[in-house]
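Chains H and R supply the protein sequences, listed in that same order.
Residue numbering for the first sequence follows the working numbering, starting at 4 and increasing by one per position.
Residue numbering for the second sequence follows the working numbering, starting at 1045 and increasing by one per position.
Heads up, the beta-carbon is just placed ideally off N, CA and C, and yes, glycines get one too.
Note that the coordinates shown come from a computational prediction; the quantities given were computed from them, not determined experimentally.
Working notes, beginning with the structure itself.
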Amino acid sequence: MSKLAATIDAYWNKGLAFLRFAAHALRTQLTTLPPRDAFVSQFVDAGWGSLGLLTMLTIFAGLNLSVQSYGSFERFGGQDLIGMFAGIGGVRELFPVMAAVVCGARIGANLAASLANMRISEQIDAFEVMAVDPMRFLVAPRLWAATLALPLLCGYADFIGLGASYLGAVYQLDLDPGSFLTQVQDQVRMVDVFAGMFKGLLMGWMVAIIACFHGYTVKASDGAEGVGISTNLAIVHGAVLCIVVNLLLSWVMYG
Amino acid sequence: MKRLIDFLETLGALGAFAWQVFWSTLTSPRYFKETLRMMDVLVRRCIIPVGLAVAPVGAVISLQGIDVFKLFGAERMLSSFLGTAIVREYSPALASVMVAAQAGSSIAARIGTMKVRGQIDALAVMGVDPVRYVVVPGVIACLVVTPLLSVITNFLGIASGWFFAVPIGGVDHGAFMEHLTAQITAADLWVGLGKCALFGLGVGVIAGFLGLRVKHGAASVGKAANDTVVNTIILILLTDYVVSMMLLGMGL
């Protein structure tokens, strides 16, 4: 019983520490300008660096969406509705979420690993000794970079994924291209793409703040193991959070 | 050109490594206790993230699907679609992605840390094959645990889909339950579990491979954990597509 209490206590303290960290980071992010060069290099790394991975994954996800839903819809005799399914399921949900989860995992892991590595090699302490605010110079540029890069990646994923679904439906499943396009035009509005990008904006900030928290709060004495653990935590918490937040946002937007 | 050669070299090394793992599994000595311990650790670590990740998917399918099915006056059929989509496609794929995120990255980080600290070399010096003792238990544990988790997430996904369809969406409970089981066949369940085992195997092998390739320094441990997740997700989506095409061709 006391073990359980101790566990709950530990989680509670960790949660409080996270909220304090997030509040501090948000204040720094909004009140001071991040150093330009650091921001640009982080942004290029987060956005451009994820592009190849994301393109490849969304092509497969789009093809999968067509091929797999064909199997499910065939049972009702509704295989001609794949355009509508790819439009609604893909553009509103699957492509933005997948972009957020996968790019979030990549970006978050990089952020956590780099900050944790700086912490265990005592570079963050060196910043503090020199009276340079590590929040402003290390955390804020990373937060801005992820927050601004992820919506763009989500929007990009929508187009690539829908294109792949079209190719899968028309060239592999021999469905009528005209009817696919008509259904997509009927169902998908530009608003849906923007909704996906808005989701990306929120998820990007959350993934980044969680990753920064796990990386920043590694103890210097934990060494290489601490880097591995914080990277792992950043990936897992980020991915779970993206999926849960997506449900809540979809509920508010479409429910 | 150099990058292409590097890539092919890595791919070849991965193939050789996979063969080594396979051969080590077939021949003794085996470390059953370590394997059981790994399974125990993986189940405890993965069950919450995997559950939390798959449960919302059922809810989203109901949330978005209900309007579409209402368009055709077929909202009673929503559960048929939900059931097949969860059991066959989304539960295996997402459970495996989360196992890759949680178990894969922690296995790679653990092996990488051991490598950095020289513990892997110490094992080899003591005459214990590191692949047998460290990698094989992880691979077997992933192979067994992923389908088990997928069984749980099947229920979670359908339960959350029920919650968004029946109390919130206003579908009749009896109709939901009746159509739920009407379309799921035994083949669907086996396809889902088989995919999970395949993906779990991939997670274990890639995590062990990248973990053992860590050279030195804490930064490369983080990179190994990260690379494991990214590469296994690519592998999962690619395999999923190939398997789906094959099954479609076979008419399953």
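Residue i classed as buried or exposed, judged by whether at least 16 other C-beta atoms fall within 10 angstroms
i        : result
T1190(R) : buried
S5(H)    : exposed
K1239(R) : buried
K17(H)   : exposed
T1071(R) : exposed
M1294(R) : exposed
I1049(R) : exposed
I213(H)  : buried
T1225(R) : exposed
D48(H)   : buried
V194(H)  : exposed
S233(H)  : buried
R145(H)  : buried
S168(H)  : buried
D1284(R) : buried
V94(H)   : buried
H27(H)   : exposed
A64(H)   : buried
K1259(R) : exposed
Cut-off 8 Å between Cβ atoms - residues of its own chain near residue i, not counting five sequence neighbours on either side
i        : result
P1093(R) : M1142, A1145 and Q1146
I246(H)  : V100 and V104
R1176(R) : S1068, P1073, R1074 and Y1075
F130(H)  : D136, P137, F140 and L141
G249(H)  : Residue identity differs from the one stated: residue 249(H) is Asn in this sequence, not Gly. Contacts found: E96, P99, V100, A103, K202 and M206.
Own chain partners of residue i with C-beta closer than 7 Å, once the 5 adjacent residues on each side are dropped
i        : result
P1181(R) : Y1075, E1078, T1079 and M1082
V1287(R) : K1239
K222(H)  : G229
L1254(R) : A1152, A1268, D1271 and T1272
I1228(R) : G1127, T1128 and V1131
S1038(R) : Chain R is shown from 1045 up to 1296; residue 1038(R) falls before or after that span and cannot be answered.
W1206(R) : F1220
M256(H)  : A198
V1210(R) : H1217 and F1220
L151(H)  : F46
I1105(R) : L1126, A1129 and G1205
A1139(R) : V1094, V1098, T1190, L1193, S1194, T1197 and C1240
I238(H)  : A108, G111 and A112
Selection from the options that minimises the alpha carbon distance to residue i
i        : options                                   : result
L184(H)  : E125(H), I91(H), I246(H) and S75(H)       : I91(H)
L1233(R) : T1069(R), V1131(R), V1249(R) and G1117(R) : V1131(R)
A1185(R) : G1252(R), A1268(R) and G1261(R)           : G1252(R)
V196(H)  : A119(H), A242(H) and F98(H)               : F98(H)
T35(H)   : D136(H), L114(H) and A20(H)               : D136(H)
R192(H)  : D161(H), G203(H), E77(H) and M206(H)      : D161(H)
A119(H)  : G218(H), R78(H), A9(H) and D225(H)        : G218(H)
R1032(R) : L1192(R), S1068(R) and R1176(R)           : For residue 1032(R) there is no data in the structure shown, the boundaries of chain R being 1045 and 1296.
A112(H)  : A211(H), M87(H), F140(H) and G86(H)       : A211(H)
W51(H)   : Y159(H), G181(H) and A20(H)               : Y159(H)
R1120(R) : V1235(R), G1213(R), S1135(R) and L1055(R) : G1213(R)
Y174(H)  : D1165(R), M1289(R), G1246(R) and V1085(R) : M1289(R)
T220(H)  : V243(H), L252(H), M133(H) and M121(H)     : M121(H)
L178(H)  : I85(H), L54(H), Q71(H) and L252(H)        : I85(H)
L1242(R) : P1136(R), H1223(R) and K1259(R)           : P1136(R)
A1103(R) : G1261(R), L1292(R) and I1202(R)           : I1202(R)
Three-state secondary structure (DSSP) of residue i
i        : result
L68(H)   : helix
L84(H)   : helix
Y1285(R) : helix
I1228(R) : coil
F1116(R) : coil
H217(H)  : helix
V1258(R) : coil
M1082(R) : helix
K222(H)  : coil
I1212(R) : coil
L178(H)  : coil
D12(H)   : helix
Y1177(R) : helix
V1172(R) : coil
R139(H)  : helix
Y1075(R) : coil
A1251(R) : helix
M133(H)  : coil
R122(H)  : helix
Nonlocal neighbours in the same chain, by C-beta distance under 6 Å from residue i, ignoring five residues either side
i        : result
L176(H)  : Y73
W147(H)  : P37 and F42
L1237(R) : P1191
L1086(R) : A1147, A1185 and V1189
L244(H)  : M209
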